[in-house]
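In this note's numbering, the protein residues as written are 3 to 697.
Let me begin by presenting the structure, written as structure tokens, before commenting on it.
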């Protein structure tokens with residue numbers, strides 16, 4: 003049975019309705035093979051009408067709408083009636099495979115050409131009203147539609163979308179109106195206007211959420227057949243949304259227009275009004291059959307990095323450190339995506355600045371109010387230039403950096419000219435001025451994989467004046483120079499390894515660090531290991547620089563198994579010892595007392611204290627001290643043994659063994675010292691810079 007059979011079917015049903023109190027027959031049953039219309043086909047239909055109860059049922063074995071198909075549908079009318087040529091089905095229920103759908107419907111249809119009206123009553127007060135005119139025009143109104151009711155309504159037809167709504171625990175209310183006019187003399191047209199109130203959602207993993215969303219939207223379309231043109235706008239008035247790692251807040255205004263050919267949605271131009279961006283536009287193509295974004299091109303002009311940076315760029319560039327990243331200046335950005343993958347990025351920077359704050363804690367503002375007061379450990383700017391990257395091949399970066407800062411060290415102006423690849427970069431070389439020297443990078447190569455960043459480079463630190471360096475770092479003035487040769491820097495996921503040595507010429511000798519390895523170098527809990535040795539250090543220069551008192555002579559020092567966590571010592575085995583065969587050695591009264599304080603007090607016998615008052619300096623034969631740090635405790639030791647090879651009977655350890663007249667030894671008795679307390683003692687000794695009182 004084709005389309006004409008529909009009218010015959012309705013006519014037969016009409017004759018079965020009670021007329022003037024008489025019943026023509028009690029039950030009418032019909033079997034219909036097929037009803038077809040463009041884009042729609044119903045097969046294996048059966049119709050049953052109970053004249054006595056004035057109720058009816060229509061069953062459909064298979065229903066096809068477009069490319070979708072459903073089986074075993076039935077429509078049950080609580081009351082079937084005919085008034086003035088209008089057939090009505092009240093309190094109707096629709097079932098799919100024996101399962102009742104979550105709404106009741108009232109349907110009115112004119113026999114023959116004429117209007118029809120459908121009302122769907124949903125859960126939670128939701129309501130859909132649709133009126134279809136004889137010419138095919140449609141007006142529909144959606145009133146207080148909620149996500150839960152929408153999911154229940156969609157489940158039999160679009161199960162995946164319904165499940166997604168439930169997973170997101172979506173809330174809110176939708177009100178909308180749809181007007182459609184079929185093609186007549188001109189094109190067909192459709193207009194959709196609506197508003198979302200109190201919108202929100204939240205995923206179980208916490209990576210997606212929204213709250214208090216208020217937004218209005220419109221969509222206007224015109225076309226003939228499958229070819230349509232459209233224009234849309236969206237105004238987001240209130241609320242916020244988080245889609246990891248980005249936070250979106252109300253304010254954006256979207257205007258867009260394009261085409262639709264039945265398979266592809268073409269965005270000819272979209273414009274977004276966004277705070278901090280002079281102009282934002284996009285164009286692209288979305289494949290509705292495959293559900294893929296074929297192409298998308300985005301262009302942002304005159305971006306204010308101060309306003310856009312914290313919300314949009316920092317979470318993308320450094321998700322784990324977004325709160326620590328500072329951006330300033332302006333930029334232009336162009337990007338292209340193809341098949342849901344980023345394909346090209348082109349960025350121009352204008353007076354941009356970047357800073358990374360310390361992961362360490364918070365300060366106290368004036369008046370006792372706590373506020374974040376973290377100093378920046380790394381900063382660059384102003385930066386001007388261009389970065390062009392492509393997933394298909396070679397890109398490049400050409401940047402002019404006006405200066406920078408690493409911790410307290412100022413960096414001079416430098417240039418970066420790098421070659422970019424789809425998953426990495428190569429920098430042939432760069433010279434970064436540092437005080438009166440420079441850090442020279444050679445053959446820097448970085449690559450990105452799913453495991454993280456990997457790379458290698460060589461580095462040379464050209465000699466830097468120690469007086470300038472110590473002044474910049476706020477340390478006591480030291481003479482000498484610092485230099486380094488690191489032929490191999492190797493970056494692996496979570497680790498930075500430095501081949502070669504870092505050498506400092508200081509205090510008439512030299513200090514050398516080797517075997518340096520940093521775990522999580524850019525993380526909050528960075529961990530460094532290495533070895534340090536110092537040779538022929540002039541104690542006169544050292545003690546003068548740190549206001550420790552006066553000691554002449556030279557020492558060697560070794561630090562084995564050094565471990566720093568967040569740049570604070572957690573483990574090492576350190577020894578210092580005077581050099582055998584050295585020149586005449588002297589130690590001042592103040593230095594004796596300070597060494598005794600480090601040893602835990604009680605380091606001088608009473609007779610020696612009386613002698614200490616009479617002399618400013620004393621001769622000594624040898625000096626030695628050891629600290630083994632583990633679990634926050636320093637295990638102290640001194641010179642290995644007395645001259646006769648026996649250990650001290652009192653359990654102490656010798657720090658200074660006297661020589662000459664009067665003989666004076668400095669003895670330590672506290673072999674286990676809290677590390678933080680030991681550091682505090684040393685800081686007090688250096689900071690006070692005064693001679694101790696001697697009783």
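Using N, Cα and C, we set each Cβ at its ideal position, and we do this for glycine too.
Only a predicted model underlies this, so the values are computations on that prediction, with no experimental measurement involved.
Which same chain residues, not among the five before or five after residue 302, have their C-beta less than 6 Å away from its C-beta? As a working note, residue 302 is residue 300 in the chain shown. Correct list, in chain order: 279, 282 and 335.
When you compare each of 621, 199 and 222 to residue 180 by their alpha carbons, which one comes out closest? One-based indexing of the chain shown puts residue 180 at position 178. Of the candidates 621, 199 and 222, the one whose C-alpha sits nearest the C-alpha of residue 180 is 222.
On the DSSP bridge list, what partners appear for residue 558? On the chain shown, residue 558 is found 556 positions in, with the first residue counted as 1. Looking at the DSSP output, residue 558 bridges to 579.
Residue 167 and residue 144 closer than 9 Å at C-beta: Mapped onto the chain shown, residue 167 falls at position 165. Mapped onto the chain shown, residue 144 falls at position 142. Annotated as distal: residue 167 and residue 144, with beta-carbon spacing of 9 Å or more.
If you draw a straight line from the C-alpha of residue 1 to the C-alpha of residue 466, how long is it? Absent from the model: residue 1. The displayed extent of the chain is 3 to 697, so no value can be given.
To the nearest whole angstrom, what separates the beta carbons of residue 384 and residue 355, a pair I think is in contact under 8 Å? What you label residue 384 is simply residue 382 of the chain shown in a count that begins at 1. What you label residue 355 is simply residue 353 of the chain shown in a count that begins at 1. With a Cβ gap of about 6 Å, residue 384 and residue 355 count as contacting.
Indicate whether the contact test is met: 3 or more Cβ pairs, each with one atom in the segment 134 to 150 and one in the segment 112 to 123, closer than 8 Å. As far as the Cβ criterion goes, the segment 134 to 150 touches the segment 112 to 123, which means the pair count is three or higher.
Considering only the alpha carbon of each residue, which of 359, 171 and 337 lies closest to residue 208? Taking the chain shown and counting its residues from 1, the one referred to as residue 208 is at position 206. The alpha carbon of residue 208 has as its nearest neighbour, out of 359, 171 and 337, the alpha carbon of 171.
Grab me the residues of residue 139's own chain with a C-beta within less than 7 Å of its C-beta, minus the 5 sequence neighbours each way, in chain order. As a working note, residue 139 is residue 137 in the chain shown. Short of 7 Å from the beta carbon of residue 139, and not among the five residues preceding or following it, lie these beta carbons of its own chain, in chain order: 182, 183 and 184.
According to DSSP, simplified to helix, strand and coil, what is residue 48? For the purposes of this step, residue 48 is taken as residue 46 along the chain shown, with counting starting at 1. Strand, per DSSP.
Would you say the segment 385 to 397 touches the segment 342 to 352, given that touching needs at least three Cβ pairs under 8 Å? Segments in contact, yes.
Buried or exposed for residue 486, going by 16 or more other Cβ atoms inside 10 Å? Along the chain shown, one-based indexing puts residue 486 at 484. By the neighbour-count rule (16 or more Cβ atoms within 10 Å), residue 486 is buried.
Figure out for me which residue from 124, 142 and 141 has the closest Cα to the Cα of residue 153. The residue labelled residue 153 in the question sits at position 151 within the chain shown. When each option's Cα is compared against that of residue 153, the closest is 124.
Local conformation of residue 371 per DSSP, three classes: Here residue 371 is taken as the residue at index 369 of the chain shown, counted from 1. Low confidence applies to residue 371: its pLDDT is 35, below 50, so where it sits in the model is not reliable enough to give any reading.
Less than 6 Å between C-beta atoms, sequence neighbours within five positions excluded: which residues of the same chain meet that for residue 338? Residue mapping note: residue 338 aligns to position 336 of the chain shown, counting from 1. Result list for residue 338: 299, 345 and 346, in chain order.
Leaving out the 5 sequence neighbours to the left and right, which residues in its chain are closer than 7 Å to residue 607 when beta-carbon positions are compared? If you number the chain shown from 1, residue 607 lands on position 605. Confidence at residue 607 is low in this model, with a pLDDT of 46, below 50, so its placement is unreliable and the value that follows should be read with caution. The answer is none, since no qualifying residue turns up.
Integer-rounded CB distance, given that residue 61 should sit under 8 Å from residue 48: As a position in the chain shown, residue 48 is number 46, starting the count at 1. As a position in the chain shown, residue 61 is number 59, starting the count at 1. Their Cβ separation, rounded to whole angstroms, is 5 Å, which keeps residue 48 and residue 61 in contact under 8 Å.
Simplified DSSP assignment, three categories, for residue 609: In the chain shown, residue 609 corresponds to position 607, counting from 1. Residue placement at residue 609 is flagged as unreliable, the pLDDT there being 41, under the threshold of 50; a coordinate-derived value is accordingly withheld.
Find the nearest neighbour of residue 28 within the set 37, 620, 420 and 51, judged by alpha-carbon distance. Reading the chain shown from its first residue, position 26 is the one you call residue 28. Of the residues 37, 620, 420 and 51, the one whose Cα lies closest to the Cα of residue 28 is 51.
For residue 286, which of 434, 268, 276 and 147 has the nearest alpha-carbon? Taking the chain shown and counting its residues from 1, the one referred to as residue 286 is at position 284. Ranking the options by Cα distance to residue 286, first place goes to 268.
Residue 543 versus 553, 534, 536 and 537, residue with shortest Cα-Cα distance: The sequence position of residue 543 within the chain shown is 541, counting from 1. For the set 553, 534, 536 and 537, the Cα lying nearest the Cα of residue 543 is the one of 553.
When DSSP labels each residue in this structure, what does residue 56 get in the three-state scheme? Residue 56 sits at position 54 when you count from the first residue of the chain shown. It is coil, neither helix nor strand.
Output needed for residue 317: all residues of its chain with C-beta closer than 7 Å, excluding positions within five of it in sequence on either side, in chain order. Counting from 1 along the chain shown, the entry for residue 317 is found at position 315. 247, 248 and 324.
Consult DSSP for residue 363 and reduce its assignment to one of helix, strand or coil. Position 361 of the chain shown holds residue 363. Low local confidence applies: a pLDDT of 46 at residue 363 is under 50, so the model's placement there is unreliable, and no value is given.
Going by alpha carbons, who is nearest to residue 565 out of 583, 559 and 533? Within the chain shown, numbered from 1, the residue matching residue 565 stands at position 563. Checking every option, the nearest Cα to that of residue 565 belongs to 533.
Could you give the residue range of the beta strand (DSSP E) that holds residue 421? The sequence position of residue 421 within the chain shown is 419, counting from 1. Here the beta strand (DSSP E) through residue 421 covers 416 to 423.
Counting along the chain, where does the alpha helix (DSSP H) carrying residue 472 start and finish? Position 470 of the chain shown, counted from the start, is the residue given in the question as residue 472. Annotation for residue 472: the continuous alpha helix (DSSP H) segment containing it runs 468 to 475.
Using the C-alpha atoms, what's the distance from residue 254 back to residue 233? For the purposes of this step, residue 233 is taken as the residue at position 231 of the chain shown. For the purposes of this step, residue 254 is taken as the residue at position 252 of the chain shown. Using only the alpha carbons, I get a separation of about 17 Å.
Length of the line joining the Cα atoms of residue 225 and residue 190: Residue mapping note: residue 225 aligns to position 223 of the chain shown, counting from 1. Residue mapping note: residue 190 aligns to position 188 of the chain shown, counting from 1. Roughly 5 Å separates the two Cα atoms.
For residue 514, name the three-state secondary structure that DSSP assigns. Residue 514 sits at position 512 when you count from the first residue of the chain shown. Residue state, collapsed to three classes: strand.
Can you tell me the Cα-Cα spacing of residue 450 and residue 392, whole angstroms? For the purposes of this step, residue 450 is taken as residue 448 along the chain shown, with counting starting at 1. For the purposes of this step, residue 392 is taken as residue 390 along the chain shown, with counting starting at 1. Taking the straight line joining both Cα atoms gives about 14 Å.
Which same chain residues, not among the five before or five after residue 142, have their C-beta less than 6 Å away from its C-beta? As a position in the chain shown, residue 142 is number 140, starting the count at 1. Here the set comprises 132 and 180.
Would DSSP call residue 453 helix, strand or coil? For this step, residue 453 is matched to residue 451 along the chain shown. Taken through DSSP and simplified to helix, strand or coil, residue 453 comes out as coil.
Check the DSSP bridge columns for residue 538 and list the partner residues they point to. Mapped onto the chain shown, residue 538 falls at position 536. Within the DSSP bridge table, the entry for residue 538 names no partner.
Please list, in chain order, all residues of the same chain as residue 229 whose beta carbon is under 7 Å from its beta carbon, the five residues on each side excluded. In the chain shown, counting from the first residue as 1, residue 229 sits at position 227. Answer for residue 229: 263, listed in chain order.
How is the alpha helix (DSSP H) around residue 168 delimited, first residue to last? Residue 168 sits at position 166 when you count from the first residue of the chain shown. In this chain, the alpha helix (DSSP H) harbouring residue 168 covers 161 to 169.
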